[in-house]
Amino acid sequence: MVMTTVGSEEQAVVIADALVNKKVAACVNIIPSIRSIYRFKGKVWDDEEYLLIIKSTENNYSEIEKTITELHNYEIPEILSFPMEKGSRNFLNWIEESVL
Amino acid sequence: MVMTTVGSEEQAVVIADALVNKKVAACVNIIPSIRSIYRFKGKVWDDEEYLLIIKSTENNYSEIEKTITELHNYEIPEILSFPMEKGSRNFLNWIEESVL
Amino acid sequence: MVMTTVGSEEQAVVIADALVNKKVAACVNIIPSIRSIYRFKGKVWDDEEYLLIIKSTENNYSEIEKTITELHNYEIPEILSFPMEKGSRNFLNWIEESVL
Chain E
1120 MVMTTVGSEE QAVVIADALV NKKVAACVNI IPSIRSIYRF KGKVWDDEEY
1170 LLIIKSTENN YSEIEKTITE LHNYEIPEIL SFPMEKGSRN FLNWIEESVL
Chain F
1120 MVMTTVGSEE QAVVIADALV NKKVAACVNI IPSIRSIYRF KGKVWDDEEY
1170 LLIIKSTENN YSEIEKTITE LHNYEIPEIL SFPMEKGSRN FLNWIEESVL
Chain B
1120 MVMTTVGSEE QAVVIADALV NKKVAACVNI IPSIRSIYRF KGKVWDDEEY
1170 LLIIKSTENN YSEIEKTITE LHNYEIPEIL SFPMEKGSRN FLNWIEESVL
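Sequence lines, in order, name chains E, F and B. Residue numbers for the first sequence follow our numbering, beginning at 1120 and rising by one. Residue numbers for the second sequence follow our numbering, beginning at 1120 and rising by one. Residue numbers for the third sequence follow our numbering, beginning at 1120 and rising by one.
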């Protein structure tokens, strides 16, 4: 599972569409209107963002990172991956069948 | 921690109630109105969903999967688990005491 | 990545501000208006909460736990950490530079 955040719903959909249409991700959940408090260039910021939760296979990670980096309009986009432990056999199969 | 997504708040509450009342999960967070872009049967879909974040002990995973599979109205429900690394002693104890 | 939940946006911002200003976390995402169904003191509750997703380095975990425990108004606050697997080099560097 990979996470990134973006600054608008448009950016969220552009990235999610690209990942799913290129068969790099099986599914992207977009969580709207989160509030992000973070430190950047020595200042603390408080902005509205959208959180993307990207589900794919582990060997698609580098292609996911490449796609996000190309499309993202931040200087340093968040791209973090978290290990999955278990999953239902049908859902894991569906992920495999939905990506390259 | 286990994640699933459903298509309505009713489904979210039915599943969350069942997991907590059966003492299979200590807590379920329901994140409303997420936007999910995913591939299914050769087409890309763009639907509103609800994301459930289920907190329990690891040995409850198969009972969680069984309960979700029984109650869920999707053909292939998402059921993924993620390993927890650390937690506050009091909270971990509370999870243990809240489940079978 | 550390997760906690709170009962109001004020509490969310108090904790997020403290973590980022003390350089204990680089970024905190606040997901508003989630619905939490959980067991506490023998009863099942159904409350509105805010979910905090805290991004920092692993060696900051105990300071994060200490800060949340000091500021949180729950008897037993949720404090759980999840292992990160990979991340973009630039973003991981940014996290390192943003915390002590």
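All residues carry an ideal CB built from backbone N, CA and C; glycine is no exception. Computed from a predicted model, the values in this text were never measured in an experiment.
Among the options, the one whose alpha carbon lies nearest that of residue i
{"i": "F:K1142", "options": "F:N1179, F:R1158, F:V1132", "result": "F:N1179"}
{"i": "B:F1159", "options": "B:E1177, B:E1129, B:I1150, B:E1197", "result": "B:E1197"}
{"i": "E:S1155", "options": "B:S1207, B:W1164, B:I1183, B:I1173", "result": "B:I1173"}
{"i": "B:T1176", "options": "B:A1131, B:V1132, B:K1205, B:G1126", "result": "B:K1205"}
{"i": "F:E1129", "options": "F:I1214, F:N1140, F:E1168, F:E1189", "result": "F:E1168"}
{"i": "B:A1137", "options": "B:L1211, B:P1202, B:H1191", "result": "B:H1191"}
{"i": "B:V1132", "options": "E:D1166, E:F1201, E:I1195, E:L1219", "result": "E:D1166"}
{"i": "B:V1121", "options": "B:S1207, B:M1203, B:F1210", "result": "B:M1203"}
{"i": "E:F1210", "options": "F:L1199, F:I1187, F:Y1157", "result": "F:L1199"}
{"i": "E:Y1157", "options": "B:A1135, B:I1150, B:G1161, B:V1125", "result": "B:A1135"}
{"i": "F:T1186", "options": "F:N1140, F:S1127, F:G1126", "result": "F:N1140"}
{"i": "E:N1212", "options": "F:E1216, F:I1195, F:R1208", "result": "F:I1195"}
Proximity test, Cβ basis, 8 Å: residue i and chain B
{"i": "E:S1175", "result": "no"}
Chain-ordered neighbours of residue i on chain F, where CB pairs are closer than 9 Å
{"i": "B:L1219", "result": "Near B:L1219 there are no residues of chain F at all, since even the closest Cβ is about 19 Å away, more than 9 Å."}
{"i": "B:I1195", "result": "S1207, N1209, F1210, N1212, W1213"}
Coil, strand or helix - residue i by DSSP
{"i": "B:L1171", "result": "strand"}
{"i": "F:V1139", "result": "helix"}
{"i": "E:V1121", "result": "strand"}
{"i": "E:V1163", "result": "strand"}
{"i": "F:S1152", "result": "strand"}
{"i": "B:V1147", "result": "strand"}
Contact set between residue i and chain E, taken where Cβ atoms lie within less than 7 Å
{"i": "F:T1186", "result": "Chain E residues near F:T1186: none, gap ~12 Å exceeds 7 Å."}
{"i": "F:I1134", "result": "Neighbours of F:I1134 on chain E: none; closest Cβ ~14 Å, over 7 Å."}
Chain E contact for residue i (CB, 8 Å cutoff)
{"i": "B:M1122", "result": "no"}
{"i": "F:V1163", "result": "yes"}
Proximal residues of chain B, C-beta to C-beta of residue i below 7 Å
{"i": "F:F1201", "result": "F1201"}
Amino acids of chain E, ordered along the chain, whose beta-carbon sits closer than 8 Å to that of residue i
{"i": "B:N1148", "result": "T1124, I1153, R1154, S1155, E1168, L1170"}
Closer than 8 Å to chain F by CB, residue i
{"i": "E:V1139", "result": "yes"}
Closer than 7 Å at the beta carbon, the chain F residues around residue i
{"i": "E:E1204", "result": "S1200, F1201, P1202"}
Run through the segment 1177 to 1215 of chain B for me and flag every whole beta strand (DSSP E) of 3 or more residues, listed as ranges in chain order. Correct list: empty.
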